[in-house]
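Asks:
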Amino acid sequence: FIYKYTLVLFDRNLYSFDNQTLQFKTSKMAEAVSSAQVEKGENARMASFVGALAIADLVKTTLGPKGMDKILQSMTMGGDITITNDGATILKAIHIDNAAAKVLVEISKTQDDEVGDGTTSVVVLAGELLREAQRLMDKRVHPMTIIDGFRLAADIGRKALIASAVDSEGDKTKIREAMVNVAQTTLSSKILSSDKKRFSNLAVDAVLRLEGSTDLDLIQIIKKPGGSLVHSYLEDGFLLNKKIGVGQPKRIENAKILVANTPMDTDKVKIYGSRVRVSSMNDVAAIEAAEKKKMKDKCLKIVNHGINVFINRQLIYNYPESIFAENNVMAIEHADFDGIERLSAVLGGEICSTFDHPELVTLGGCELIEEIMVGEDSMIRFKGVKGGAACSIVLRGPSLHVLDEAERSLHDALAVLSQMAVKGRIVYGGGCSESLMAAAIDKEVPKTSGKKQLAMEAFARALRQLPATIADNAGYDSADIVANLRAAHAAGNVRAGIDISDGGIGDMTKLGICESFELKEHVLMAAAEAAEMILRVDDIIKSAPRQRQQQGMPGMGGM
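Under the numbering used here, the first residue of the sequence shown is numbered 59, with each subsequent residue one higher.
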């Protein structure tokens, strides 16, 4: 009985302590909640819609072949500028405080990472879906009803898109023709549109050399100011923006290459955090001789791998360079880290840092290494590489700003083509696919009961806003063009789209305006999911800054 009574007293004391602590924490929590900003109901939805629509309207004018560019100017001391019409690049560069707007920025980044193009389309479609949803909510349609209708419409649109896809798998001639058309459509809205046929063939040749690989690191883009964009070309081989060391062979055939990341500068005394006392200069000479012997042994270990080319990420000082020259080994120093990673993948070798076991090292190889001139600079060309049919695209242009935008444009085309080379499915562009999906949704609307009909109709209207935006940006009457496009699809012409050259309706098959199926599918599903996420929001809570905590808690005696 005494034991139980003592235990009860202990529990009461413990409860008293916890209660005091709980009161302290509760008061702190209440203080934090009271200082946080909370927007509820209609205000929260309005804030989300306003932010998302502002982002969509920001990039809307860049959509299509006649879309305009944006100048992005940094507020730092240098005031660097970027001229681009790439949606992901624009949205990455601006500071955004609105939570819903950040959702659209994220889907644009994901579109860029996954597919490479369509970054503007996905943001514009998501913005139009939210615009239509806002109109429905003004008519007292519940957000969950709108979401259900959007889901049905997205599923119907995706099935219609899959049914319209053309598969060229198996026929190499048709695959190449389809890839060229897709590349031309991708580049039509870019800075390279003036010579899109040339750059489309260049991009297709580069991707086909990868033989099914989607590793774009094997395609190197080198920017050299000078000349104009038409002077750009595809180099048969991998280029490295470095020079061959002095006194070493400038041309090597059947190269056996060791790629390394190791210090090659220990021919000088480098003892950090220590103090060496010597009694004479002879002792200093002995230290230097020991360092030289250590470096010579290291160089001979490298030579004993049976190589004739040594590429190191770090600097190679004069003494080891002379040892390599004596042994007829070409030494290339200070390849940057990205360059060394890419070189190891291209040459089929491993990056080494120790050289005690030559039998465990995988050497790289290529048929020919030589020094060539690109513009005013000398570069090293690796031809016939071991690790795959890598290549380099040399871009020429009047300024770095033009070259940067040309690189972004070409990268978009390469990313889309690399995905297409694996799966090979295409759909038709120029607003054709969007009109096709909208028509399929319209057919299913009468079969659907309830207010979900309204949401499905809204989804179809949002899809038709993409061809309307393309027409607006080209200076045409978008209402007339979209009406004609809708009539053409209703009449069974499922290949009808906008002919941007004359502002009418044309057959996309004859015009060769094609897009990747994966691109269109990703745009549709990502935009629908982003709109659904924003529609679910009814509160926005901005937490207060974290307060500085006191050292002790009240009533605890400084514990």
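We put the beta carbon where it would ideally sit given N, CA and C, even for glycine.
Since this is a predicted model, take the numbers as computed values, not measurements.
Which one of Ile592, Lys444, Ala586, Ile599 has the shortest CA to CA distance from glycine 207?
Replies: Ala586
Asks: Pick from His289, Glu311, Asp155, Gly555: whose alpha carbon is nearest that of isoleucine 427?
Replies: Minimum Cα-Cα distance from isoleucine 427 among the listed residues His289, Glu311, Asp155, Gly555 corresponds to Glu311.
Asks: I need the straight-line Cα distance from asparagine 299 to serine 436, nearest angstrom please.
Replies: Asparagine 299 and serine 436 have their C-alpha atoms spaced approximately 8 angstroms apart.
Asks: Leaving out five residues on either side along the sequence, give the residues of the same chain with a beta carbon under 6 angstroms from the beta carbon of glutamate 408.
Replies: Thr420
Asks: Whose CA, out of Leu543, Phe368, Ala516, Ile249, lies closest to the CA of alanine 212?
Replies: Ala516
Asks: Can you tell me whether DSSP reads isoleucine 599 as helix, strand or coil?
Replies: strand
Asks: Check the DSSP bridge columns for threonine 140 and list the partner residues they point to.
Replies: Its beta-bridge partners are Leu130.
Asks: Exposed or buried, which one is asparagine 376 when buried takes at least 16 other CB atoms within 10 Å?
Replies: exposed
Asks: For glutamine 278, which residues in the same chain have their Cβ closer than 8 angstroms to its Cβ, ignoring the five residues on either side in sequence?
Replies: Phe296, Leu297, Arg400, Ala448, Cys449, Ser450, Ile451
Asks: Consult DSSP for leucine 461 and reduce its assignment to one of helix, strand or coil.
Replies: The answer is helix: DSSP assigns leucine 461 an H, G or I state.
Asks: Return the first residue and the last residue of the alpha helix (DSSP H) that isoleucine 592 is part of.
Replies: In this chain, the alpha helix (DSSP H) harbouring isoleucine 592 covers 575-593.
Asks: Is leucine 245 near alanine 471, with beta carbons less than 7 angstroms apart?
Replies: Contact annotation: leucine 245 and alanine 471 have beta-carbon atoms nearer than 7 angstroms.
Asks: Which residue's Cα is closest to the Cα of cysteine 572: Arg483, Asn366, Glu164?
Replies: Residue Arg483 is the option with its Cα nearest to cysteine 572.
Asks: Note down, in chain order, each residue of its chain lying with its Cβ closer than 8 angstroms to the Cβ of alanine 146, except the 5 sequence neighbours on either side.
Replies: Ser166, Lys167, Gln169, Asp170, Thr177
Asks: Would you be able to state if there are at least three C-beta pairs under 8 angstroms between the region 487-499 and the region 549-569?
Replies: yes
Asks: What does the Cβ neighbour count give for valine 342, buried or exposed, with the cut at 16 atoms within 10 Å?
Replies: exposed
Asks: Applying the 10 Å Cβ sphere with the 16-neighbour rule, what's the burial state of serine 536?
Replies: Buried, by the Cβ-count rule.
Asks: Could you confirm whether any beta carbon from chain D is found closer than 7 angstroms to the beta carbon of glycine 562?
Replies: Absence of chain D from the displayed structure is noted, only one protein chain being present.
Asks: Would you say the region 105-113 touches the region 147-167, given that touching needs at least three Cβ pairs under 8 angstroms?
Replies: Because the criterion of three Cβ pairs below 8 angstroms is met, the region 105-113 and the region 147-167 touch.
Asks: Please give me, in chain order, every unbroken run of the alpha helix (DSSP H) with length at least 4 that falls completely inside the region 436-497.
Replies: 458-481
Asks: Are glutamate 463 and isoleucine 249 touching if we call contact CB-CB under 7 angstroms?
Replies: yes
Asks: Taking all protein chains shown into account, decide if arginine 594 is buried (16 or more other Cβ within 10 angstroms of its Cβ) or exposed.
Replies: It is exposed - the Cβ of arginine 594 has fewer than 16 other Cβ atoms within 10 Å.
Asks: Have a look at leucine 149 and alanine 184 and give me their C-alpha separation to the nearest angstrom.
Replies: 15 angstroms
Asks: Roughly how many angstroms separate the alpha carbons of phenylalanine 413 and isoleucine 360, rounded to a whole number?
Replies: The alpha-carbon of phenylalanine 413 is positioned some 6 angstroms away from that of isoleucine 360.
Asks: Does the Cβ-Cβ distance between isoleucine 345 and arginine 371 come in under 7 angstroms?
Replies: no
Asks: Once you ignore the five residues that flank methionine 431 on each side, which residues in its own chain have a CB closer than 8 angstroms to its CB?
Replies: The answer, listed in chain order, is Met437.
Asks: Sort Thr119, Lys124, Thr142 by Cα distance to leucine 130 and report the nearest one.
Replies: The shortest C-alpha separation from leucine 130 is found at Thr142.
Asks: Which partner residues does proline 283 have in the DSSP bridge list?
Replies: Beta bridge pairing from DSSP links proline 283 with Gly455.
Asks: Taking only the alpha-carbon atoms, compute the straight-line gap between asparagine 362 and leucine 316 and give it to the nearest angstrom.
Replies: C-alpha of asparagine 362 to C-alpha of leucine 316: approximately 11 angstroms in a straight line.
Asks: Which residues bound the alpha helix (DSSP H) around aspartate 253?
Replies: Per DSSP, aspartate 253 belongs to no alpha helix (DSSP H) and is neither H nor E.
Asks: Can you have a look at threonine 84 and say buried or exposed, based on whether 16 or more other CB atoms are within 10 angstroms of its CB?
Replies: The pLDDT assigned to threonine 84 is 46, lower than 50, so where the model puts this residue is not dependable; a value taken from the coordinates is nonetheless given after this. When all chains shown are included, threonine 84 counts as exposed.
Asks: For arginine 198, name the three-state secondary structure that DSSP assigns.
Replies: The DSSP-derived three-state label of arginine 198 is coil.
Asks: Could you name the residues of the same chain whose beta carbon sits closer than 7 angstroms to that of alanine 548, not counting the 5 residues immediately before and after it, in chain order?
Replies: Ala497.
Asks: Just the Cα atoms here: how many angstroms apart are threonine 134 and lysine 568?
Replies: Straight-line Cα distance between these residues: approximately 49 angstroms.
Asks: At which residues does the beta strand (DSSP E) containing aspartate 565 begin and terminate?
Replies: It spans 562-565 - the beta strand (DSSP E) in which aspartate 565 sits, taken as one unbroken run.
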